[in-house]
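This report refers to the structure that appears directly beneath it.
Protein chains: 2
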Amino acid sequence: MTTPKAIPKPSLQRLPIYYRILKNALEHHEEFISSAEIGRRAKVSPQNVRKDLAFLPEQGQAGIGYSILSLANCLEDTLGLLKSKDAVIVGAGNLGKALALYPGFEKSGIQIVVAFDNDPDKVGEKIGDIPIMPIDKISNLVRRMKLKIGIITTPEETAQEMADLLIQGGCKAIWNFTPTMVKVPEDVMVRNEDLSMGIMVLSHYVESMKVINEKFE
Amino acid sequence: MTTPKAIPKPSLQRLPIYYRILKNALEHHEEFISSAEIGRRAKVSPQNVRKDLAFLPEQGQAGIGYSILSLANCLEDTLGLLKSKDAVIVGAGNLGKALALYPGFEKSGIQIVVAFDNDPDKVGEKIGDIPIMPIDKISNLVRRMKLKIGIITTPEETAQEMADLLIQGGCKAIWNFTPTMVKVPEDVMVRNEDLSMGIMVLSHYVESMKVINEKFE
DNA sequence: CAATCATTGTGAAATTGATAACAAATGATT
DNA sequence: AATCATTTGTTATCAATTTCACAATGATTG
């Protein structure tokens, strides 16, 4: 009934940072934390932290701050970290392997349950405990296992094709590590994580700084 | 004298997307492209595309659009993709290896020239052609080789330490793949690429969608 | 060659996000 | 019990970004 007002993207992207800080604080047996302290650690202004947290049902206590435990639980709920979710990786190259073995996913409740590759040498092998299957099984398996999250780390030429197969199988969220922008229906979320884009931005910064420095050197 | 007005961050982050689209169009032997078409492919409004491109020296032609070749060249210049730049990876784990071998960097003019790790078994080995050196050599080597770009893929506990060493050696841009927010001086750009953050955002989407779907199922 | 069409560049308006400011709440202190 | 310092939630303000609207421009057409 009361649509829980959608969280704006910038806020949503900061929530995982706060979550990380809270988990860390918990390990140090802290109990309460102020927006000022969260802000210091996350490099965000305290006001901004409070604004972000205002989107959550959890409330802070004036004079005290936020209960770290409650807030962390609340974030786990909001970010959907509690229910463990299964995901699939398409492309068992270096990047695919690295992601499959990335320890951070488990902490986020993500479990990679299967990988796909078209290389016959790889099919049948395993990445850790994760079996590698041929790509013509994608749709079927994704559907049968009710997987909703697909990660694409193939060469860019096949990215769209792989995305189509995943969606055909019922995937609703796609994490695309290739430089192509894959096209998806309205109801599917795609996050393009083109790594060379990141390097271009850094590259621009280093370049533009050189210009400035040349004046002074 | 005339400071070439700094490009706002949101615009800067879209430029690599446009660049990718232009390169793609070039391969299809297209010659001119309109802001509307770029926008369609990049999922950005045409006005916004024009505003972004207005930060570049390159101009479009009314009635025709932008010369794809000129604009691509201009972007290569602006993003510093022409001049090859050397970079360093700290942390020769799975992710570090995957990045070191990632083919996309070369296209962006980035060359990984050396990796560092504290594991004595890894030191002395190579990732492709890239030698792995002990971390106590970071500052020295970075300084001697005048490296400006550092990529951190160590466990999160050591991230800050590694960043400090890189900066001590003269690095001006740091790409941090650990979940920690590293602190850096004003003149150093840091890009935090916490992968588990990405998955949390997707995870949130899948969760929030479930709520909606449950109403209809 | 005039009229039309597609498309850019840009100033103004609207929206969105961030910061500042402050009343209300809470525990600590005197 | 009263006061003080701390810290939240919220409203108002400010800044950045995006969208809107349209005049200006150059190609195309009859």
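Heads up: the protein sequence lines correspond to chains A and B, in order.
Quick note: the first sequence, position 29, residue 29 per this note's numbering, numbers continuous.
All you need for this note's numbering is the position in the second sequence, starting with 1, plus 1000.
Virtual Cβ for every residue (Gly too), placed ideally from N, Cα, C.
Presumed contact (8 Å Cβ cut-off) between B:Ala1100 and B:Ile1112, rounded CB distance: 5 Å
Inter-residue Cα distance where the pair is B:Glu1009 and A:Asp164: For the sequence presented, residue 1009 of chain B should be read as Lys rather than Glu. Answer to the nearest angstrom: the Cα atoms are 32 Å apart.
Contact set between A:Phe105 and chain B, taken where Cβ atoms lie within less than 9 Å: Leu1195, Ser1196, Ile1199
Outcome for A:Leu71 when other beta-carbon atoms lying within 10 angstroms are tallied against a minimum of 16: buried
Local conformation of A:Gly65 per DSSP, three classes: strand
C-beta contact flag for B:Met1145 and B:Asp1086 at 8 Å: yes
Any chain B beta carbon closer than 8 Å to A:Gly109: yes
Helix, strand or coil at A:Asn118 according to DSSP, with G and I counted as helix: coil
Whether A:Glu207 touches B:Gly1170 by CB criterion (8 Å): no
Within-8 Å CB hit, A:Val182 to chain B: no
Distance cut-off 7 Å: A:His29 Cβ against heavy atoms of the ligand SAH: Among the components of this structure there are no ligands whatsoever, and the ligand SAH is therefore not found.
Contact with chain A by B:Lys1126, beta-carbon distance below 8 Å: no
Beta-carbon contacts of A:Ala25 that lie in its chain and below 8 Å, excluding the five residues immediately before and after: Ile33, Ile68
Chain-ordered residues of the segment 1157 to 1183 of chain B with a beta carbon less than 7 Å from chain A: Lys1172, Ala1173, Trp1175, Pro1179, Met1181
C-alpha gap between A:Gly93 and A:Thr153, whole angstroms: 7 Å
Within 8 Å, strictly: CB atoms of B:Ala1036 and B:Ile1017: no
Bridge partner(s) assigned by DSSP for A:Gln111: A:Asp86
Classification of A:His204 by the beta-carbon crowding that lies within 10 angstroms, buried from 16 upward: buried
DSSP-derived helix/strand/coil call for A:Pro46: helix
Per DSSP, the bridge partner or partners of B:Arg1191: B:Trp1175
A:Thr78 to A:Met200 span [Cα, whole Å]: 33 Å
Which listed residue (A:Val114, A:Glu125, A:Asp52) has its alpha carbon closest to that of A:Asn140: A:Val114
Sequence-distant residues of the same chain with beta carbon closer than 7 Å to B:Ser1045, five excluded per side: Gly1039
DSSP-derived helix/strand/coil call for A:Pro16: helix
Beta-carbon separation (whole angstroms), B:Pro1179 vs B:Glu1156, contact threshold 8 Å: 5 Å
Contacts of B:Val1206 in chain A (Cβ-Cβ under 9 Å): Gly80, Lys85, Lys148, Ile149, Lys172, Ala173, Met189
Run of the alpha helix (DSSP H) containing B:Ile1007, from where it starts to where it stops: Neither: B:Ile1007 is in no alpha helix (DSSP H) and is coded neither H nor E.
Minimum Cβ-Cβ distance from B:Asn1094 to chain A less than 8 Å: yes
Between the CA atoms of B:Gly1096 and A:Arg143 - distance to the nearest angstrom: 33 Å
Integer-rounded CB distance, given that B:Ile1132 should sit under 8 Å from B:Asp1117: 5 Å
Buried or exposed by the 16-neighbour rule on C-beta atoms within 10 Å, applied to A:Lys126: exposed
Where B:Phe1055 falls: helix, strand or coil (DSSP): coil
C-beta contact flag for B:Gly1109 and A:Leu195 at 8 Å: no
Nearest candidate by alpha-carbon position, reference B:Lys1148, set B:Lys1122, B:Gln1168, B:Ala1173, B:Pro1134: B:Ala1173
Whole-angstrom distance between A:Ala6 and B:Ser1084, CA atom to CA atom: 43 Å
Range of the contiguous alpha helix (DSSP H) that encloses A:Gly96: 94 to 100
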